[in-house]
Amino acid sequence: MIELKSPREIERMHVTGQFVGKLLEELSTVAAVGVNLLDLEHHARGMIQERGAESCYWDYSPSFGRGPFRNVICLSVNDAVLHGLPKSYVLQDGDLLTMDIAVSIDGWVADSAMSIVVGTPREADLHLIRATEVALEAAIEAARPGNRMGDIEASIGEVAAEFGYTPNLEFGGHGIGRTMHEAPHVSNNGRRGHGMKLRPGLTIAIEPWLAATTDQIVFDEDGWTLRSADGSRTAHSEHTVAITEDGPLVLTRRPNERRPHEEASEQPQARLP
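The opening position of the sequence shown corresponds to residue 1 in UniProt numbering, with each subsequent residue numbered one higher.
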């Protein structure tokens, strides 16, 4: 069942989203060469506790995974892209790190993810990250009343193709609100003009993620961490978005987030080596 939220309920989700954005932005400044992933996990725990929020990941037990998940954030490095189980790993120069977190404040949830390069970046990694960011912004732009879910999904697939990537369709975005995962599913590719009609009050997490040279994934032995099947690098961008009468409202914008169109333009036709 899909629950449409009232403007007041969206305001409450926005409060949570602003905290999530702030948390991710702060962690992106903490993440550096020589920092252990467990330091990031505990930093996130401290911020959540101080705010009086609740982690949506702690004790999360879906059909996959060797649960329950006993951490508050997913930290995925290099070829890992989703559900990265925090472990004792010291970040190295050039590592591509994805941070994904969902929390609840006063019963309302927001979910967001970002990928960064720690230390010296490779152009190919920046290209991959940018592809997910541009795809996310294109999908957000399509999240308007009267459009259809396929318009959001096709926006992601089209940008991925322009950048030279093929999205995996096993895991994607989702409805969100009172819980982390609600209906409907939001695929990372689709057909324009198809799918459910978008209505004001719908709140969804849109999350394009890509691997450099494959659309296949494999599970780690921990039962949680998902990696590219060929070991190529990965990236993931996600925002919680509300569809309103006035258009899309991004609930998890980071305080100093720069959107792709505000940065120097990049020609996306060819994947970098």
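Virtual Cβ for every residue (Gly too), placed ideally from N, Cα, C.
DSSP three-state assignment for residue i, whether helix, strand or coil
i: Ile176; result: coil
i: Pro7; result: helix
i: Leu97; result: strand
i: Lys22; result: helix
i: Arg227; result: strand
i: Arg12; result: helix
i: Thr214; result: coil
i: Leu75; result: strand
Backbone CA spacing between residue i and residue j [nearest angstrom]
i: Tyr89; j: Asp220; result: 15 Å
i: Ser115; j: Met1; result: 32 Å
i: Arg66; j: Asp246; result: 42 Å
i: Ala110; j: Ala229; result: 29 Å
i: Trp108; j: Ala138; result: 26 Å
i: Val77; j: Ala154; result: 27 Å
i: Val81; j: Met196; result: 28 Å
i: Pro200; j: Val30; result: 37 Å
i: Pro121; j: Ser6; result: 43 Å
i: residue 311; j: Val117; result: Within the shown structure, residues of the chain are numbered from 1 to 273, placing residue 311 beyond reach of any answer.
i: Tyr60; j: Asp39; result: 21 Å
i: Val72; j: Glu54; result: 9 Å
Residue range of the beta strand (DSSP E) that includes residue i
i: Pro260; result: Careful: Pro260 lies outside any beta strand (DSSP E) and carries neither H nor E.
i: Asp111; result: 108-117
i: Glu245; result: Here Glu245 belongs to no beta strand (DSSP E), and DSSP marks it neither H nor E.
Boundaries (first-last residue) of the alpha helix (DSSP H) holding residue i
i: Thr203; result: Unbroken run through Thr203 is the beta strand (DSSP E), 203-206; no alpha helix (DSSP H).
i: Arg130; result: 123-142
i: Ile48; result: 37-51
i: Ala161; result: 149-163
| query | Between the stretch 7-19 and the stretch 240-247, do three or more beta carbon pairs fall short of 8 Å? | reply | Short answer: they touch.
| Is there contact here, the stretch 183-190 with the stretch 218-234, by at least three beta-carbon pairs under 8 Å? | These segments do not touch.
| query | Okay, do the stretch 99-108 and the stretch 35-51 touch, 3+ Cβ pairs below 8 Å being the bar? | reply | The answer is yes - the stretch 35-51 touches the stretch 99-108, with three or more Cβ pairs under 8 Å.
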